[in-house]
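In terms of UniProt numbering, the sequence shown opens at residue 1 and continues consecutively.
Backbone N, C-alpha and C fix where the C-beta goes; we use that ideal spot for every residue, glycine too.
Remarks on the structure that follows.
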Amino acid sequence: MKTNMAVKLDDVSSPQLALKFSSSSFDPDKYVRDLSAKCDTDAELQDHRKRIQTLSEETAVSLKKNVYKNYMQFIETSKEISYLEAEMYQLGHFLAEQKAILSSQEDMSLFGTQDPNSSMKPSKKDEKGSSSIESVEGLASVLDITDVNCVFEGDLVEVDPETFLPKYKIHAFLLHDSMVVANIIQNRRGPVRFKFQSLFELENVAVVNMTSADGLKDAFKVFLFPETHVYQAENKTIKKEWLDRIEECKKNFKLKLEQEVNEGGSEVASNTEITSSSENSNPFVEDSGKNPFVEDDNSNPFSNNYDDDKNPFNESKSTNPFDEEEDEGPVSSSSPNSGNSNVVKAGKGWLRDMPEDLDMFIAQRDFERAMELIDRTNKYLKENSSSQAAKEIKVRLDRRVKQLVDALIDELDSSRSFLLHVGPRATRRTVSLLVRLGRASEACQLFLRNRSEAIKHAIRQLKIEGATSLYISKLSTAFFSSIIETGKEFEQVFSANRGFSSAFVVWAKSELKHFVSRFSNQVFRREMGLAATGVCVSMARHQCEKLQEIGLDLTFSMQEMLLRDIVEALLDTRDQMVKFSRHRAMETNWKPMEFEGHADQLGKLCEEMESLGIESFQQLVDGNKVNLSSATVAFIKGVLGFVGDGLTVNTPQLQPWFVDCIGDLFENQVVLFEAILKSGRYASQREFILMNASFVFEITLPLIKKRLKIGTNPGRFMEIQSELKRLQSITPSSDATEGKTGK
Numbered sequence: 001m002k003t004n005m006a007v008k009l010d011d012v013s014s015p016q017l018a019l020k021f022s023s024s025s026f027d028p029d030k031y032v033r034d035l036s037a038k039c040d041t042d043a044e045l046q047d048h049r050k051r052i053q054t055l056s057e058e059t060a061v062s063l064k065k066n067v068y069k070n071y072m073q074f075i076e077t078s079k080e081i082s083y084l085e086a087e088m089y090q091l092g093h094f095l096a097e098q099k100a101i102l103s104s105q106e107d108m109s110l111f112g113t114q115d116p117n118s119s120m121k122p123s124k125k126d127e128k129g130s131s132s133i134e135s136v137e138g139l140a141s142v143l144d145i146t147d148v149n150c151v152f153e154g155d156l157v158e159v160d161p162e163t164f165l166p167k168y169k170i171h172a173f174l175l176h177d178s179m180v181v182a183n184i185i186q187n188r189r190g191p192v193r194f195k196f197q198s199l200f201e202l203e204n205v206a207v208v209n210m211t212s213a214d215g216l217k218d219a220f221k222v223f224l225f226p227e228t229h230v231y232q233a234e235n236k237t238i239k240k241e242w243l244d245r246i247e248e249c250k251k252n253f254k255l256k257l258e259q260e261v262n263e264g265g266s267e268v269a270s271n272t273e274i275t276s277s278s279e280n281s282n283p284f285v286e287d288s289g290k291n292p293f294v295e296d297d298n299s300n301p302f303s304n305n306y307d308d309d310k311n312p313f314n315e316s317k318s319t320n321p322f323d324e325e326e327d328e329g330p331v332s333s334s335s336p337n338s339g340n341s342n343v344v345k346a347g348k349g350w351l352r353d354m355p356e357d358l359d360m361f362i363a364q365r366d367f368e369r370a371m372e373l374i375d376r377t378n379k380y381l382k383e384n385s386s387s388q389a390a391k392e393i394k395v396r397l398d399r400r401v402k403q404l405v406d407a408l409i410d411e412l413d414s415s416r417s418f419l420l421h422v423g424p425r426a427t428r429r430t431v432s433l434l435v436r437l438g439r440a441s442e443a444c445q446l447f448l449r450n451r452s453e454a455i456k457h458a459i460r461q462l463k464i465e466g467a468t469s470l471y472i473s474k475l476s477t478a479f480f481s482s483i484i485e486t487g488k489e490f491e492q493v494f495s496a497n498r499g500f501s502s503a504f505v506v507w508a509k510s511e512l513k514h515f516v517s518r519f520s521n522q523v524f525r526r527e528m529g530l531a532a533t534g535v536c537v538s539m540a541r542h543q544c545e546k547l548q549e550i551g552l553d554l555t556f557s558m559q560e561m562l563l564r565d566i567v568e569a570l571l572d573t574r575d576q577m578v579k580f581s582r583h584r585a586m587e588t589n590w591k592p593m594e595f596e597g598h599a600d601q602l603g604k605l606c607e608e609m610e611s612l613g614i615e616s617f618q619q620l621v622d623g624n625k626v627n628l629s630s631a632t633v634a635f636i637k638g639v640l641g642f643v644g645d646g647l648t649v650n651t652p653q654l655q656p657w658f659v660d661c662i663g664d665l666f667e668n669q670v671v672l673f674e675a676i677l678k679s680g681r682y683a684s685q686r687e688f689i690l691m692n693a694s695f696v697f698e699i700t701l702p703l704i705k706k707r708l709k710i711g712t713n714p715g716r717f718m719e720i721q722s723e724l725k726r727l728q729s730i731t732p733s734s735d736a737t738e739g740k741t742g743k
């Protein structure tokens with residue numbers, strides 16, 4: 001028994017157990033069954049399980065240690081690779097510096113320097129005495145072809161920078177300061193065989209060689225922020241020639257430009273020195289320009305006139321290339337205690353870095369500093385317009401100005417959401433810079449377009465409340481407040497361009513059309529009464545009158561735009577009142593109104609009539625009765641209310657329509673009274689009917705004439721008043737009397 005137990009324990013604790021578990025043919029279920037058969041008791045089985053668990057834990061710990069050890073080795077390897085990469089970078093930088101030093105030593109050689117252009121092989125076209133760059137269509141609008149020096153040219157294949165798949169074949173021209181890329185026009189006869197595609201300034205591009213490990217042979221990259229172009233040459237020799245010539249052209253152009261700028265500054269300084277020496281000529285001064293009777297400043301140790309440049313305790317002068325005081329040009333300075341004059345020549349190094357600085361300012365959206373540099377460069381070009389360096393600088397400056405204008409236009413883009421949440425002051429900087437760049441007209445157009453989008457955005461943010469008048473109040477306030485803010489900002493930004501005021505007026509009228517359209521959709525609906533319409537129109541008119549703060553009056557224009565909708569509202573209200581009057585006249589019994597047991601209603605009716613302007617209504621009250629029919633009282637209340645509501649929207653243009661509507665209502669009453677009197681149905685109430693007609697035409701109609709101050713068509717109302725006599729002479733027709741007797 002002990003022997004079997006020892007064998008079983010040895011099987012469990014032996015290292016062979018790990019080999020069993022790791023074998024591909026290991027079956028855990030079969031192993032458990034065999035182990036259970038070998039064990040005699042449950043205690044032995046539990047002991048085996050504990051041993052297996054202990055072994056698993058030990059294995060897990062050893063695996064973790066191995067993983068940690070491997071991970072540390074990986075970190076150490078990564079560090080070594082990083083160190084190696086840094087050393088390679090330093091080595092490359094060191095080789096570039098050595099190359100620059102050798103080039104400068106070659107230039108200062110006592111045996112003379114070789115012309116850099118002489119080492120370049122002439123292009124195939126140069127051998128013939130001309131270049132095919134003259135046959136590029138569209139290039140003349142970019143640069144002056146007559147003054148172009150084509151250094152090298154050839155065919156390349158433009159490749160997609162991401163997929164490395166060839167796109168199309170191009171023809172490139174390398175100039176002394178730029179690289180022109182042109183598309184090849186297939187099947188074209190004649191001298192024009194290329195079409196201009198793009199132009200790269202060499203000082204702004206970085207050319208990188210691509211190895212075969214990148215997945216593309218004989219190719220190089222051209223980095224021009226934010227674009228990347230990949231070109232493939234025919235073989236390694238042509239690719240190397242392209243890279244070498246581009247690098248040499250970049251270096252030579254910078255050196256030549258700096259030399260010309262410095263020579264221009266030296267000439268100006270020399271002229272200043274000659275003028276200064278001629279002005280300070282003295283017969284007691286020696287030929288060397290030194291007065292023997294005046295002690296030398298450097299020879300006197302007690303002199304206070306120390307040279308600022310040699311004073312070790314003097315603070316260093318600012319080396320900022322954008323300091324206007326130092327870089328404007330040669331400045332002549334003389335000491336009051338000495339007879340000599342020193343010429344301080346300003347450095348012109350900032351001109352060489354001007355394109356890069358402008359690109360940096362535009363990329364950082366520092367438009368103010370870019371504008372300062374542009375103004376300063378223009379000032380220099382104005383003073384040195386004849387030099388070749390000035391022409392080169394002018395070409396580069398114009399291209400950067402175009403980039404700056406494009407960036408400013410993008411800044412004023414109406415789709416930029418952050419400009420829609422703020423007022424018009426957010427665009428002041430951009431608009432002012434465009435005006436300074438000579439793009440005032442375009443700035444005006446973009447500014448007004450941006451404000452249009454901002455107004456639309458503000459109106460869209462308004463919530464449509466339950467009450468229409470509340471929404472119209474918010475809409476009118478938001479719209480006309482925005483117009484006033486825009487007008488004030490427009491006056492401040494374009495104060496020097498008074499001719500643009502008409503553009504603002506046209507813009508304001510176009511925006512008013514959009515406002516009126518939205519206003520009409522909300523107000524002029526059939527469910528809206530004339531009273532509610534009048535309230536909304538009054539709100540809009542009151543806000544529109546506030547435009548007089550900025551010297552703008554659009555009240556007449558708004559009234560003209562609303563005229564058609566208001567006329568339709570008046571006509572619709574008139575038709576409803578005519579229909580209602582006919583219905584009431586046919587159903588009424590033509591008896592006095594009785595208020596028995598409803599004294600409070602009678603009192604309210606009297607107060608309402610007095611508020612409408614009928615002061616004699618109390619004379620018609622007899623006890624708890626009113627000597628008017630309900631149809632007549634309803635007509636009087638309706639027509640006086642119609643007049644009151646119409647006066648809130650009435651304008652001189654609307655006056656004729658308004659008067660005609662009121663005349664139609666009274667003429668309808670004449671027809672109704674005439675039909676009732678002729679019918680004979682109310683023969684016994686004839687006097688009562690005539691009394692109602694008299695009250696309508698002799699009291700109500702004159703009151704309305706007084707309110708309207710009618711002067712356009714008084715004849716029609718006089719004819720309506722004369723109809724009362726005709727109604728009094730009407731008697732029931734014989735047909736109506738016979739019909740009543742027969743019944």
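### Message
For Ala-43 and Lys-79, what's the separation of their Cα atoms in angstroms?
### Response
55 Å
### Task
With DSSP collapsed to three states, give me the class of Ile-170.
strand
### Query
Leaving out five residues before and five after Ala-730 in sequence, what residues of the same chain have Cβ atoms less than 8 Å from its Cβ?
The sequence given here has Ile at residue 730, not Ala. Excluding sequence neighbours, Ile-730 sits near Glu-674, Leu-677, Lys-678.
### Query
Are there 16 or more other CB atoms within 10 angstroms of the CB of Gln-559, so buried, or fewer, so exposed?
With 16 or more other Cβ atoms within 10 Å, it is buried.
### Proximity below 8 Å, CB of Leu-156 to CB of Ala-233
yes
### Query
Where does the unbroken beta strand (DSSP E) through Glu-227 begin, and where does it stop?
227-232
### Message
Rounding to the nearest angstrom, what Cα-Cα distance links Val-61 and Lys-69 in this structure?
### Response
12 Å
### Message
Going by beta-carbon coordinates alone, are Ala-478 and Ala-458 separated by less than 8 Å?
### Response
yes
### Buried or exposed (CB count within 10 angstroms, at least 16 for buried), Gly-551
Counting Cβ neighbours within 10 Å, Gly-551 comes out exposed, since fewer than 16 surround it.
### Query
Taking the continuous alpha helix (DSSP H) assigned at Ser-679, which residues delimit it?
From DSSP, the alpha helix (DSSP H) with Ser-679 extends over 655-679.
### Message
For a test of your reading of the model: does the CB of Asn-183 fall under 7 Å from any non-hydrogen atom of the ligand ZN? Yes or no.
### Response
Although the ligand ZN was asked about, the structure shown includes no ligands whatsoever.
### Query
Are the beta-carbon atoms of Val-159 and Ala-219 separated by less than 8 Å?
In contact: Val-159 and Ala-219 (Cβ atoms closer than 8 Å).
### Task
Could you pull the start and end residues of the alpha helix (DSSP H) that Lys-195 belongs to?
Careful: Lys-195 lies outside any alpha helix (DSSP H), inside the beta strand (DSSP E) at 194-201.
### Query
How about Glu-203 and Lys-254: are their beta carbons less than 8 Å apart?
yes
### Query
At a cut of 8 Å, does the stretch 630-637 reach the stretch 533-541 through at least three beta carbon pairs?
no
### Residue environment, Leu-91, which counts as buried when at least 16 other CB atoms sit within 10 Å
exposed
### Message
Using the three-state DSSP reduction, which class does Phe-223 fall into: helix, strand or coil?
### Response
strand
### Query
By Cβ distance below 7 Å, which residues in the same chain neighbour Thr-228 in space, the five residues on each side in sequence not counted?
Pro-161, Lys-221
#### Entry: Residue environment, Gln-461, which counts as buried when at least 16 other CB atoms sit within 10 Å
When all chains shown are included, Gln-461 counts as exposed.
### Query
CA-CA distance, Phe-26 and Lys-65?
26 Å
### Query
Using 8 Å as the threshold, is the stretch 487-497 in touch with the stretch 600-610, meaning 3 or more CB pairs across them?
no
#### Entry: Backbone secondary structure at Met-718 - three-state DSSP
helix
#### Entry: Straight-line Cα distance separating Cys-536 from Phe-717
30 Å
### Task
Check the DSSP bridge columns for Ile-184 and list the partner residues they point to.
Partner(s): Phe-194.
### Query
Any idea what DSSP makes of Val-205, helix, strand or coil?
coil
### Glu-153 - containing beta strand (DSSP E), residue span
150-159
### Task
Compute the beta-carbon to beta-carbon distance between Ser-360 and Leu-373, rounded to the nearest angstrom, for a pair I have assumed lies under 8 Å.
According to the sequence as given, residue 360 is Met; it is not Ser. Incorrect: roughly 10 Å between the Cβ atoms, too far for contact.
### Query
Would you say Gly-570 and Phe-515 are within 8 Å of each other, going by their C-beta atoms?
Rather than Gly, the amino acid found at residue 570 in this sequence is Leu. Remark: C-beta atoms of Leu-570 and Phe-515 do not approach each other more closely than 8 Å.
### Query
For Ala-532 versus Ser-482, is the C-beta spacing smaller than 8 Å?
Taking the C-beta atoms as reference points, Ser-482 is found no nearer than 8 Å to Ala-532.
### Message
Report the CB separation of Leu-412 from Leu-446 in whole angstroms; it is logged as a contact under 8 Å.
### Response
4 Å
### Message
With H, G and I counted as helix, E and B as strand and the rest as coil, what does DSSP make of Glu-596?
### Response
coil
### Query
What are the boundary residues of the alpha helix (DSSP H) that includes Leu-475?
468-493
### Query
Is Asp-575 helix, strand or coil when you go by DSSP?
helix
### Task
Can you have a look at Tyr-231 and say buried or exposed, based on whether 16 or more other CB atoms are within 10 angstroms of its CB?
buried
### Message
So, under 8 Å CB-CB, Val-670 and Ile-704 are touching, yes? Tell me the CB distance rounded to an integer number of Å.
### Response
So it is not a contact: roughly 15 Å between Cβ atoms.
#### Entry: Spatial distance of Ile-464 from Arg-681 (CA atoms)
53 Å
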